[in-house]
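**Student:** The numbering used here puts the first residue of the sequence shown at 2, with every later residue one more than the last. From the three backbone atoms N, C-alpha and C, an ideal C-beta is built for every residue, glycine too. First the structure, which I've put down as structure tokens, then a few questions once you've had a look.
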Amino acid sequence: MENLQNIIALFDIEGTPVEISPLGNGLINDTYIVKTAEPEAPSYVLQRINHNIFTNVDGLQNNIVAVTNHLRKKLAEEGADDIDRRVLTFIPLKDGSGKTYTCLDGNYWRVSRFIPDAFTFDTVDAHYSRMAGEAFGNFQAQLVDIPDTLVETIPDFHNMEFRLKQLDDAIKANAAGRLAEVQPIVDDLLRRSEYMTQAERLFRDKKLPKRVCHCDTKVNNMMFDADGNVLCVIDLDTVMPSFIFSDYGDFLRTAANTEAEDSPELDKVEFRMDIFKAFTEGYLKSAAGFLTDTEISLLPYAAALFPYMQAVRFLTDYINGDTYYKTTYPEHNLVRTRNQVRLLESIEKNMPEMTRFIDAKMAEIANSSK
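Okay, here's the thing in structure tokens:
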């Protein structure tokens, strides 16, 4: 822990660090809580940024600082109470550079203020899905007028044309000799490619905007107070310009699947309309005011897009010989692919009902504003 003490000493924190211990079980970054000796001084979160995934650390931290500063300004304009618990605060270095990260021995580190008496939940039910929809919709709404230009922390992360190009490259190489086995799945996915790449075409035609999105919308990426109210959205590494579909569709891909994404029990895989309705209701409550008609009309498409995209990515990795995702048995990526295709098929059956629900909610919102 001596090295961690040396790292924390570089940041302009209040108080004297006395204890540093692991915090949470994140899969990407190494995270520690730093406790201070003085009762009035806050605790802090020390985190090693995984620069193998986030290669542009400077851009990543600039994104985060721009976003949190803008959110703080919005909360102050609203007259919000307890702002330090409602938006993350990143600590600059003592050297006066203004930077909120340092690099030591090839590792990148940052420090943020620990939010006390705050909790995260992994529960995915209608109640928390509705709260997630409202929280992430509000997150987007508050950032609509951010003056800063953000970078893509993971370039082409949710670019469907790029993902299909990766699949095409895998098919041509057939590195693991698995193509013949999965040709029917390849054909099934490729016949949907024109529909699934419409977002990129609409963007090029200036009919669909990119906005600042979270791009990792999960229930456990929100912090709640002791009364169960949402305090703030956390885990901001993937905040970047994207289509609003990234936040809407990606949440539903995981939360509205009746099974885990690698479950082989395909007959049990269904799209949960109760989760869809709850999340959509919350999302439209906070986001309807800034969404365009095109964005609203394509929300069912967004729900279908993300299991499709993930199926393409799992299948690409399977054809390549499992070089990207961790697998525990030879057919793991193939099982994941079939699971996501089954979820996609369930969503496609429900799209007319999804459209009716969205139309009804938008009519309610319009009537309530008269």
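#1: Applying the criterion that 16 or more other CB atoms from any shown protein chain within 10 Å of the CB defines a buried residue, is V97 buried or exposed?
#2: For the beta strand (DSSP E) that K278 lies in, which residues bound it at each end?
#3: Please classify L105 as buried or exposed, where buried requires at least 16 neighbouring CB atoms within 10 angstroms.
#4: So L232 is in the beta strand (DSSP E); what residue range does that whole segment cover?
#5: Ends of the alpha helix (DSSP H) at S44?
#6: By Cβ distance below 6 Å, which residues in the same chain neighbour I21 in space, the five residues on each side in sequence not counted?
#7: Considering just the uninterrupted stretch of the alpha helix (DSSP H) at D248, what are its terminal residues?
#8: Tell me the rounded alpha-carbon separation between Y196 and P43.
#9: Just mark S247 as buried or exposed, buried being the case when its beta carbon has 16 or more other beta carbons within 10 Å.
#10: Quick check: what's the CA-CA separation for R337 versus T255?
#11: According to DSSP, is I14 helix, strand or coil?
#12: Three-state secondary structure (DSSP) at F358?
#13: For P265, which three-state DSSP category applies?
#14: Taking the alpha carbon of V112 as the point to measure from, which residue in I84, E78, Y45, D189 has its own alpha carbon closest?
#15: If I follow the unbroken alpha helix (DSSP H) through L94, where does it start and stop?
#16: May I ask you to report which of helix, strand or coil DSSP gives P148?
#17: Which value, in whole angstroms, describes the spacing of the CA atoms of K69 and L299?
#18: Please name the residue in S243, E41, R357, N108 whose C-alpha comes closest to that of I54.
#19: For P301, count neighbouring Cβ atoms within 10 angstroms of its own Cβ and tell me buried if that reaches 16, exposed if not.
#20: Evaluate the contact criterion for the stretch 168 to 181 versus the stretch 320 to 340: three or more CB pairs, one atom per stretch, below 8 Å.
#21: Buried or exposed: which applies to V19, given that a residue is buried once 16 or more other Cβ atoms fall within 10 Å of its Cβ?
#22: At 4 residues or longer, and completely inside the stretch 114 to 179: list those alpha helix (DSSP H) runs for me, N to C.
#23: Three-state secondary structure (DSSP) at S370?
#24: Quick check on N64: does DSSP put it in helix, strand or coil?
#25: Report the option in E262, D360, L61, F277 whose CA atom is closest to the CA atom of T328.
#26: For M274 and Q143, I'd like the C-alpha separation in whole angstroms.
#27: With DSSP run on the structure shown, which of helix, strand or coil describes L28?
#28: Under the three-state reduction of DSSP, which class applies to I34: helix, strand or coil?
#29: Looking only at DSSP bridge pairs, what is V112 linked to?
#30: Quick one, are the C-beta atoms of A289 and I235 less than 8 Å apart?
#31: Around the C-beta of R343, are 16 or more other C-beta atoms found within 10 angstroms, so that it is buried, or is it exposed?
#32: How would you label G99, buried or exposed, when you count the other beta carbons within 10 angstroms and need 16 or more for buried?
**Tutor:** Quick answer:
#1: Along the sequence shown, read from residue 1 onward, the residue named residue 97 stands at position 96. Sequence check: residue 97 is Gly here, not Val. Counting every other CB atom within 10 Å of its CB across the protein chains shown gives G97 a total below 16, marking it as exposed.
#2: By 1-based counting over the sequence shown, the position of residue 278 is 277. No beta strand (DSSP E) contains K278, which is instead part of the alpha helix (DSSP H) from 274 to 288.
#3: Translated into the one-based positions of the sequence shown, residue 105 becomes position 104. Per the 10 Å Cβ criterion, exposed.
#4: To locate residue 232, count along the sequence shown from 1; it is residue 231. Unbroken beta strand (DSSP E) run through L232: 231 to 234.
#5: Looking up residue 44 in the sequence shown gives position 43. No alpha helix (DSSP H) holds S44; DSSP gives it neither H nor E.
#6: As a position in the sequence shown, residue 21 is number 20, starting the count at 1. These residues qualify, in order along the chain: M2, L5, Y33, V35.
#7: Along the sequence shown, read from residue 1 onward, the residue named residue 248 stands at position 247. It spans 246 to 256 - the alpha helix (DSSP H) in which D248 sits, taken as one unbroken run.
#8: Your numbering for residue 196 matches position 195 in the sequence shown. Your numbering for residue 43 matches position 42 in the sequence shown. In a straight line, the C-alpha of Y196 is about 51 Å away from that of P43.
#9: Locating residue 247 in the sequence shown gives position 246, counting from the first residue. Result: buried.
#10: Here residue 337 is taken as the residue at index 336 of the sequence shown, counted from 1. Here residue 255 is taken as the residue at index 254 of the sequence shown, counted from 1. When only Cα atoms are considered, R337 and T255 end up about 12 Å apart.
#11: Residue numbering aside, residue 14 sits at position 13 when the sequence shown is read from its first letter. Coil.
#12: Numbered from its first residue, the sequence shown carries residue 358 at position 357. Helix at F358.
#13: As a working note, residue 265 is residue 264 in the sequence shown. P265: coil per DSSP, three-state reduction.
#14: Residue 112 sits at position 111 when you count from the first residue of the sequence shown. Comparing C-alpha distances from V112 to each of I84, E78, Y45, D189 shows the shortest one belongs to Y45.
#15: As a position in the sequence shown, residue 94 is number 93, starting the count at 1. Where L94 is concerned, there is no enclosing alpha helix (DSSP H), given that its DSSP letter is neither H nor E.
#16: Mapped onto the sequence shown, residue 148 falls at position 147. Looking at P148 - three-state DSSP - the assignment turns out to be coil, as it is neither helix nor strand.
#17: Residue numbering aside, residue 69 sits at position 68 when the sequence shown is read from its first letter. Residue numbering aside, residue 299 sits at position 298 when the sequence shown is read from its first letter. Looking at the sequence shown, residue 69 is not Lys but Thr. CA-to-CA, the gap between T69 and L299 works out to about 29 Å.
#18: In the sequence shown, residue 54 corresponds to position 53, counting from 1. Nearest option by C-alpha distance: N108.
#19: Here residue 301 refers to the residue found at position 300 of the sequence shown. Result: buried.
#20: The stretch 168 to 181, when compared against the stretch 320 to 340, does touch it at the 8 Å Cβ threshold.
#21: Stepping through the sequence shown from its first residue, residue 19 is reached at position 18. By the neighbour-count criterion, in which a residue is buried when 16 or more other Cβ atoms sit within 10 angstroms of its Cβ, V19 is exposed.
#22: Complete alpha helix (DSSP H) runs here, min 4: 127 to 143, 161 to 174.
#23: Counted from its first residue, the sequence shown places residue 370 at position 369. Looking at S370 - three-state DSSP - the assignment turns out to be coil, as it is neither helix nor strand.
#24: Here residue 64 corresponds to residue number 63 of the sequence shown, with the count starting at 1. Three-state result, N64: helix.
#25: Position 327 of the sequence shown holds residue 328. Out of E262, D360, L61, F277, E262 has the C-alpha closest to the C-alpha of T328.
#26: Taking the first residue of the sequence shown as position 1, residue 274 is located at position 273. Taking the first residue of the sequence shown as position 1, residue 143 is located at position 142. If you take the alpha carbons of M274 and Q143, they lie about 28 Å apart.
#27: Taking the first residue of the sequence shown as 1, we reach residue 28 at position 27. In this prediction, L28 has a pLDDT of 49, which is less than 50 and means its spatial position is unreliable; what the coordinates show is noted afterwards. L28 falls in the coil class under three-state DSSP.
#28: As a first step, residue 34 is located in the sequence shown; it is residue number 33 there, counting from the start. DSSP places I34 in the strand class (E or B) of the three-state scheme.
#29: Taking the first residue of the sequence shown as 1, we reach residue 112 at position 111. Here V112 is bridged, per DSSP, to L47.
#30: Residue mapping note: residue 289 aligns to position 288 of the sequence shown, counting from 1. Residue mapping note: residue 235 aligns to position 234 of the sequence shown, counting from 1. At the C-beta level, A289 and I235 stay beyond 8 Å of one another.
#31: As a first step, residue 343 must be located in the sequence shown, where it is residue number 342. Buried, by the Cβ-count rule.
#32: Sequence index remark: in the sequence shown, residue 99 carries index 98 (1-based). That one is exposed.
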